[in-house]
Amino acid sequence: PREHSPAALALRAFNAETASALGATKEPQLALMRLKWWRDAVDAAHDADADLPDHPVAIALRAVLATQNAGGGARTKTWLKRIADARVRDAEMGLENQTPGSVAFLEAYAESTSSSVLYLQLDLGGMRDTSADHAASHLGKALGMVNLLRGTPAHAKQRRLYLPLDVCAKHGAVAEDVFRGKNTEAIKDATHEVASVAKAHLDSSRGMASTLRGVARKGSAPSSTPVKPETVFLPAIAASTYLEKLERVDFDAFHPSLAQPQPPLVAQAKIAWAAFTGKY
67 PREHSPAALA LRAFNAETAS ALGATKEPQL ALMRLKWWRD AVDAAHDADA
117 DLPDHPVAIA LRAVLATQNA GGGARTKTWL KRIADARVRD AEMGLENQTP
167 GSVAFLEAYA ESTSSSVLYL QLDLGGMRDT SADHAASHLG KALGMVNLLR
217 GTPAHAKQRR LYLPLDVCAK HGAVAEDVFR GKNTEAIKDA THEVASVAKA
267 HLDSSRGMAS TLRGVARKGS APSSTPVKPE TVFLPAIAAS TYLEKLERVD
317 FDAFHPSLAQ PQPPLVAQAK IAWAAFTGKY
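Spelled out as structure tokens, the structure:
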């Protein structure tokens, strides 16, 4: 619904600002400072009496929070802080040259970031349903892990590795090979394992699609039109497309074709059809 568009745009802008902080500079310390600034900005946006940074996204966040009651504002702040805290911890790990230790760590990171964005969109859209939240949790984990896989070439240039240590050890993948862009069979196997977990979460979320079409529409106000979960979950289309392309190139995360976007008309047609059929 059009009435929920400003909130959705503000949330996506905040997510983009925090997600791109590490890649926007060659100095990890600067990225960490930027992310801590955003964490403080969330507090300021939540407090109507606090001085708000002169940044369009921070201003938009305050406008979103201003439309909510006390309970809704507290939930929104919690999820925004969770996103910022996860990004800060990611930057701190980069400074300490730490690599995620397990797939479970990646899932937790994706839950704190991508899933939180979906929870926020559902909540601000007036959709509060256990089934929708469950589907959002699985989809967020899939989206987060796909984004990390998609970013492998860029991360490698910054000597950042998101293939978990236990998975790399299991397949004999060497971090230095990733940093040099050498896609060995061991790295392909490690990529395959992470991609398989992401696909399992995507399938679990999609398996709930028929249930979501029947959930009660609980609006945040009598005059509002609650958002449909299937609409919020449309980013699943891009994640599915990436996983299919990754499989076609034998899980070579460095393959040039993965950096080539789909023709706009094809991508828009897929999204439009998914929205029309109530699937994602």
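The C-terminal position of the sequence shown is numbered 346 in my numbering, with every residue numbered one higher than the one before it. Glycine residues also receive a C-beta, built at the ideal position from the N, C-alpha and C atoms.
query: Between which two residues does the alpha helix (DSSP H) containing histidine 112 stretch?; result: 94-112
query: Per the contact definition of three or more C-beta pairs closer than 8 Å, is the region 311-321 in contact with the region 252-269?; result: yes
query: What is the rounded straight-line gap between the Cα of threonine 343 and the Cα of lysine 336?; result: 11 Å
query: Would you identify the three-state DSSP class for aspartate 156, choosing helix, strand or coil?; result: helix
query: Assuming histidine 200 contacts histidine 267 under a Cβ cut-off of 8 Å, what Cβ separation, rounded to an integer in Å, is found between them?; result: The pair is not a contact, with the Cβ atoms about 11 Å apart (cut-off 8 Å).
query: Going by Cα to Cα distance, which pick from Lys345, Ala338, Lys294 is closest to leucine 387?; result: The displayed coordinates of the chain run from 67 to 346. Any statement about residue 387 would go beyond what the structure contains.
query: Straight-line CA distance for aspartate 151 to arginine 105?; result: 7 Å
query: I need the boundaries of the alpha helix (DSSP H) containing aspartate 195, first residue and last residue.; result: First-last for aspartate 195: undefined, no H or E at that position.
query: When you compare only the Cα positions, how much space is there between isoleucine 253 and valine 332?; result: 31 Å
query: For a test of the three-state rule: what should DSSP assign to glutamate 162, helix, strand or coil?; result: coil
query: Can you give the Cα-Cα distance for proline 72 and glutamate 242, rounded to whole angstroms?; result: 44 Å
query: Look up phenylalanine 13 in the DSSP assignment and say whether it is helix, strand or coil.; result: Outside the modelled stretch of the chain, which goes from 67 to 346, sits residue 13, for which no answer is possible.
query: Rounded to whole angstroms, what's the CA-CA distance from leucine 88 to leucine 101? Just pull it up for me.; result: 9 Å
query: For leucine 190, which of Glu310, Ala111, Leu77 has the nearest alpha-carbon?; result: Leu77
query: Could you check the C-alpha separation between alanine 157 and alanine 170 for me, to the nearest Å?; result: 19 Å
query: How is the alpha helix (DSSP H) around valine 240 delimited, first residue to last?; result: Here valine 240 belongs to no alpha helix (DSSP H), and DSSP marks it neither H nor E.
query: Taking the alpha carbon of proline 230 as the point to measure from, which residue in Gly139, Gln164, Glu310, Thr307 has its own alpha carbon closest?; result: Gln164
query: Might you give, ordered along the chain, the residues of its own chain that have their beta carbon closer than 8 Å to the beta carbon of alanine 287, omitting 5 neighbours on each side?; result: Bear in mind that the predicted position of alanine 287 carries a pLDDT of just 44, short of 50, making it unreliable; the figure below should be weighed with that in mind. Here the set comprises Gly192.
query: Which of the three DSSP states is assigned to threonine 144 in this structure?; result: helix
query: Would DSSP call histidine 267 helix, strand or coil?; result: helix
query: What does a CB cutoff of less than 6 Å around arginine 153 pick up in its chain, not counting 5 residues either side in sequence?; result: Thr84, Leu101
query: Would alanine 107 and alanine 124 qualify as a contact pair, given that the criterion is a beta-carbon distance under 8 Å?; result: yes
query: What residue does the alpha helix (DSSP H) around tyrosine 308 start on, and which one ends it?; result: 302-314
query: What three-state label does DSSP hand glycine 139 in the structure shown?; result: helix
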